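Okay, structure first, notes after.
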Amino acid sequence: MIEVVNRTVGGEYCNSYIVGNEGEDCFLVDFGYDKNGFITSYALAHHPKILGVLLTHGHYDHIYGFKEGLPSYPVFLSEEDHIFLTDPHYNGSIELFDAPLTIDGLLPYPVEDEDEIKLGNFFVKVIATPFHTGGSVCFYLEKEGILFSGDTLFSHGIGRYDLKGACPRFLESSLRKLMKLPEETVVYPGHGRKTTIGEEKRFLFQ
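Pasting the structure below:
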């Protein structure tokens, strides 16, 4: 089992995860707040190297950390959500926070459904779950039994689907795709506490 550390600031930003055992290389999932190196300094104090950043989608609170500077390591984001980096109407920074945010110069590697990303010794499967945004994805570590669900799935809840770029018609199919995972899969959401697929299956469909 690998260690997952959540570095979060208040309720304005997402859960930002550092994934990897102490003393070994790690990767990040979502990048909500990195002022004064809040996330990266912690990661590099406990791990030799950051292998990359996986973004579940492109909303403001999941990309704000890049405001502090562009990383030297690779970033992965669905192609449908690349527009969120440079358009504050898509990323919600105007509508939700009245603080336009653009991340210029960041060129993420595009990911698609069922892609497998290799980061060092980690193998991460991409599961496309559009509805919160058109390019929302989850990241699944099958061997470790871990899912990073972004704002697709929370503990006893789901992400909203009324913002620009949302695709509500895919809501049920996206959730049912996740419910096919083993019930013991530990879910680390974009906001709130961790849960399991089994617990959310009972909450959502029973």
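Going by this note's numbering, the letters in the sequence shown line up with residues 158 to 363, in that order.
By construction, the Cβ of each residue, glycine as well, lies at the ideal position given by its N, Cα and C atoms.
The model shown is predicted, which means the values in this text are computed figures rather than measured ones.
Next item on the list: Tell me where the beta strand (DSSP E) around ILE303 begins and ends.
Entry: 303–307
Margin query: Below 8 Å on the Cβ atoms is my contact criterion, and I expect TYR370 with ILE207 to pass it. Report the Cβ-Cβ distance as a whole number of Å.
Written below: Since the first and last residues shown for the chain are 158 and 363, residue 370 lies out of range.
Item checked: Own chain residues within Cβ distance below 7 Å of GLY249, not counting five before or after -> HIS216, TYR217 and LEU320
Item checked: Through-space distance from GLY314 to LEU338, alpha-carbon basis -> 17 Å
Notebook entry, point to check: Taking buried to mean at least 16 other C-beta atoms within 10 Å of its own C-beta, is PRO205 buried or exposed?
Noted result: exposed
Notebook entry, point to check: What span of residues does the beta strand (DSSP E) with LEU328 cover, start to end?
Noted result: Careful: LEU328 lies outside any beta strand (DSSP E), inside the alpha helix (DSSP H) at 328–336.
Check: In whole angstroms, what is the alpha-carbon distance linking GLU169 and THR352?
Finding: 21 Å
Next item on the list: Would you mind giving the Cβ-Cβ distance between GLY226 and ILE196, rounded to the nearest angstrom? I have them listed as a contact below 8 Å.
Entry: Their Cβ separation, rounded to whole angstroms, is 12 Å, which puts GLY226 and ILE196 out of contact at 8 Å.
Item checked: Contiguous alpha helix (DSSP H) assignments of at least 4 residues, all confined to the segment 169–236 -> 197–203 and 217–220
Check: Would you say VAL308 and HIS289 are within 7 Å of each other, going by their C-beta atoms?
Finding: This sequence places Asp at residue 308; Val is not what is there. The answer is yes: Cβ separation under 7 Å.
Next item on the list: Whole angstroms is fine: what's the gap from GLY291's alpha carbon to LYS192's?
Entry: 28 Å
Next item on the list: Can you tell me the Cβ-Cβ gap for VAL186 and TYR199, rounded? I've got them flagged as a contact below 8 Å.
Entry: Incorrect: roughly 14 Å between the Cβ atoms, too far for contact.
Item checked: Candidates HIS214, ARG359, GLY347 and GLY167: closest to GLY322 by CA position -> HIS214
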